[in-house]
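This report concerns only the one structure given below.
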Amino acid sequence: MDAELLLADMEYFEDDTPENIELKNSVVELYNGRLDERIRRKKFVIERGLLNPKQVQKFERKKSKEDREIINKMKIFARFNTAEEHTDLVHSILKERLLRETIQ
């Protein structure tokens, strides 16, 4: 939102100094960076199905308290993998926990 405000009234004029042009170009580059970040975040949310929190909660409600804790702790690592890789990782960790309990 603030990024749009910076650009809203900005205009390039023929008599702009090179420093002024450079400053305006920097503002545009910052804005483009913010747009890129928005796109990245939007893609992340869509890929992982996070737009429907009730569906996510429904899935998590079926899990035990210990499993939910593991799932919640692992959410911070979701950004480093694809949705499928993250799901596989979490399922593997849950399976490991179950196997450890079985052994003990």
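Heads up: the sequence shown at position 41 corresponds to 41 in full-length UniProt numbering, and the numbers run straight through without jumps. Virtual Cβ for every residue (Gly too), placed ideally from N, Cα, C.
Whole-angstrom distance between residue j and residue i, CA atom to CA atom
i      : j     : result
Pro53  : Pro18 : 50 Å
Leu5   : Phe80 : 32 Å
Leu98  : Ile46 : 30 Å
Leu89  : Glu60 : 16 Å
Glu85  : Lys65 : 23 Å
Asn72  : Asp9  : 43 Å
Ile103 : His91 : 18 Å
Phe44  : Leu50 : 9 Å
Ser26  : Met74 : 37 Å
Asp36  : Ala78 : 19 Å
Coarse secondary structure for residue i, derived from DSSP in three states
i     : result
Phe44 : helix
Phe49 : Contrary to the premise, residue 49 reads as Gly rather than Phe in this sequence. Three-state DSSP puts Gly49 in coil, outside helix and strand.
Met74 : helix
Distance between beta carbons of residue j and residue i, contact taken as under 8 Å
i     : j     : result
Leu94 : Ile70 : 6 Å
Ala83 : Arg48 : 5 Å
Ile21 : Tyr12 : 7 Å
The ligand PLP heavy atom lying under 8 Å from the CB of residue i
i     : result
Lys65 : No copy of the ligand PLP occurs in the structure displayed, which carries no ligand at all.
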